[in-house]
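Residue numbers (our numbering): 5 to 395. What follows is a short report on a single structure.
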């Protein structure tokens with residue numbers, strides 16, 4: 005593998021896709037998940053030509069969907085002119101390899117698609133490092149299959165063989181790269197930790213925006229901070245890096261630091277969460293969370309629950325929160341239905357429109373009310389000109 009060669013490769017040909025999944029007993033979000041996969045592929049400029057769903061108790065261990073379904077998909081792809089099969093789940097190396105042979109198609113899984121979007125969105129050094137780390141960890145299991153393939157061609161009884169040596173060489177390279185990136189990210193984590201400690205010392209309240217991807221977090225930060233340089237767009241994973249801005253109360257009586265972080269999504273690869281741990285630690289260190297919910301979404305409550313599950317994984321589920329029902333201009337009357345359900349679950353709700361600023365004053369007042377009661381104890385008086393408290 006050359007140094008210039010990307011670890012996760014995509015052929016240069018233009019892709020058109022078929023998507024498929026296995027529906028296990030009790031699953032009730034299959035169509036919504038497939039719709040989301042179509043949207044994920046659109047973010048890679050890949051058109052979905054069709055979908056295939058199979059009911060099974062468990063996925064086939066050898067090819068995930070089984071040889072019969074694979075043959076059916078092969079014929080379907082030929083008819084529609086598709087050259088890519090995307091499974092809305094996670095494949096192991098054996099399943100992926102067997103599916104490619106059975107269907108004569110290039111095969112991706114959901115993890116691969118999400119990582120490719122992250123790779124395309126990563127602009128900063130830190131984001132690129134974190135994506136690379138996730139990609140390397142994603143590729144390591146594939147090398148085990150490669151090692152078995154190679155060793156079977158050259159290894160005799162009691163010998164290592166050229167194939168096994170080739171596998172070990174690739175594995176050592178990957179391990180070395182993973183360790184190198186982790187060392188660099190550890191420096192980033194230490195730097196972030198020092199900044200958090202400095203803010204706590206000066207009594208700077210920390211508020212973090214969290215939510216499902218494309219819920220409007222970046223637009224909310226842009227509106228509250230009145231900073232036109234913040235990038236917001238109607239696309240998935242606009243923000244991969246932590247973006248922080250100082251937010252002043254309307255009467256200039258105080259301020260807090262507001263963070264925007266990477267959005268969450270269902271079936272997010274665990275390697276990505278682990279790789280972005282340095283970025284997501286800003287969430288765990290917050291005094292207050294603003295959980296942003298797209299009120300116009302098809303399944304806002306489900307997305308809200310996915311966010312809570314991810315917060316639990318980050319050990320941030322016990323941090324006090326305000327739930328922000330965003331995009332109320334698009335959602336209309338359905339906002340009230342969502343609000344009633346979330347209030348019944350004990351959530352504190354504020355309704356906003358990030359584009360017009362509706363609800364901002366109410367949100368800021370609720371933030372101030374909370375932070376006034378739990379504001380970190382100030383042990384130093386900051387020199388705002390020299391200490392960079394809000395960096």
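The beta carbon of each residue, even a glycine, is placed where N, CA and C say it ideally should be. In this text the structure is predicted, and so the values were computed from the model without any measurement.
What does a CB cutoff of less than 7 Å around residue i pick up in its chain, not counting 5 residues either side in sequence?
i: residue 45; result: 21, 52, 90, 117
i: residue 327; result: 295, 297, 346, 351, 352, 353
i: residue 115; result: 94, 142, 273
i: residue 188; result: 133
i: residue 251; result: 228, 229, 259, 260, 262
i: residue 77; result: 22, 24, 56, 89, 107
i: residue 145; result: 96, 97
i: residue 223; result: 236, 358, 359
i: residue 185; result: 133, 136, 137
Among the options, which has the Cα closest to the Cα of residue i?
i: residue 353; options: 205, 321, 271, 308; result: 308
i: residue 124; options: 233, 48, 194, 198; result: 48
i: residue 64; options: 103, 77, 85; result: 103
i: residue 219; options: 267, 173, 257, 235; result: 267
i: residue 329; options: 378, 214, 286; result: 214
i: residue 109; options: 98, 79, 236; result: 79
i: residue 378; options: 292, 24, 300, 338; result: 292
i: residue 207; options: 290, 35, 128; result: 290
i: residue 39; options: 270, 278, 361; result: 270
i: residue 288; options: 275, 336, 319, 303; result: 319
i: residue 62; options: 86, 334, 28; result: 28
i: residue 299; options: 286, 332, 313; result: 332
i: residue 279; options: 105, 121, 140, 33; result: 140
i: residue 182; options: 171, 84, 136, 198; result: 136
i: residue 334; options: 113, 321, 358; result: 358
i: residue 210; options: 201, 217, 216; result: 201
i: residue 32; options: 361, 43, 303; result: 303
i: residue 2; options: 338, 101, 129; result: A question about residue 2 goes unanswered here, because the residues of the chain that appear run from 5 up to 395.
i: residue 43; options: 67, 324, 92; result: 92
i: residue 194; options: 75, 217, 286; result: 286
i: residue 284; options: 349, 197, 301; result: 197
i: residue 336; options: 276, 216, 356; result: 356
i: residue 41; options: 70, 121, 83, 324; result: 121
i: residue 275; options: 317, 311, 35; result: 317
i: residue 301; options: 373, 184, 217, 127; result: 217
Does DSSP put residue i in a helix, in a strand, or in coil?
i: residue 216; result: strand
i: residue 272; result: coil
i: residue 182; result: helix
i: residue 137; result: helix
The alpha helix (DSSP H) that contains residue i, what's its start and end?
i: residue 99; result: 97-107
i: residue 120; result: 114-125
i: residue 223; result: 221-229
So, at 6 Å on beta carbons, what are the nonlocal neighbours of residue i in its own chain, with the 5 sequence-adjacent residues on each side left out?
i: residue 160; result: With a pLDDT of 42 at residue 160, under the threshold of 50, the predicted position of this residue should be treated as unreliable, though the coordinate-derived value follows. Within the same chain, residue 160 has no close Cβ partners at all.
i: residue 73; result: 58
i: residue 50; result: 19, 21
i: residue 248; result: 261, 263
i: residue 26; result: 58, 60, 63
i: residue 105; result: none
i: residue 164; result: Note that residue 164 scores a pLDDT of 49, beneath 50, so its modelled location is shaky; the value from the coordinates is reported in the next line. Closer than 6 Å at the Cβ level, and outside the excluded window around residue 164, lies no residue.
i: residue 112; result: 90
i: residue 221; result: 213, 215, 264, 296
i: residue 325; result: 293, 295
Which residues mark the beginning and the end of the beta strand (DSSP E) in which residue i is found?
i: residue 257; result: Element bounds for residue 257: n/a, residue is neither H nor E.
i: residue 234; result: Run containing residue 234: none; DSSP gives neither H nor E here.
i: residue 266; result: Note, residue 266: premise wrong, no beta strand (DSSP E); not H, not E.
i: residue 208; result: Per DSSP, residue 208 belongs to no beta strand (DSSP E) and is neither H nor E.
Within a Cβ cutoff of 8 Å, which residues of the same chain sit near residue i, ignoring the five residues on either side of it in sequence?
i: residue 305; result: 342, 345, 346
i: residue 254; result: 365, 368
i: residue 86; result: 20, 21, 22, 53, 54, 80, 109
i: residue 162; result: Below a pLDDT of 50, predicted positions are generally treated as unreliable, and residue 162, at 44, falls in that range; no measurement from the model is reported.
i: residue 68; result: 26, 91, 93, 95, 99, 103
Please report whether the beta-carbon of residue i lies at a distance below 8 Å from any beta-carbon of chain C.
i: residue 73; result: Checking the listed chains, one finds no chain C in this structure; it contains a single protein chain.
*In chain order, each beta strand (DSSP E) run of at least 3 residues that lies wholly inside the region 6-92*: 20-27, 51-59, 88-91
*Can you list the alpha helix (DSSP H) stretches of 4 or more residues lying completely in the region 277-365, in chain order?*
281-288, 304-317, 332-335, 338-348
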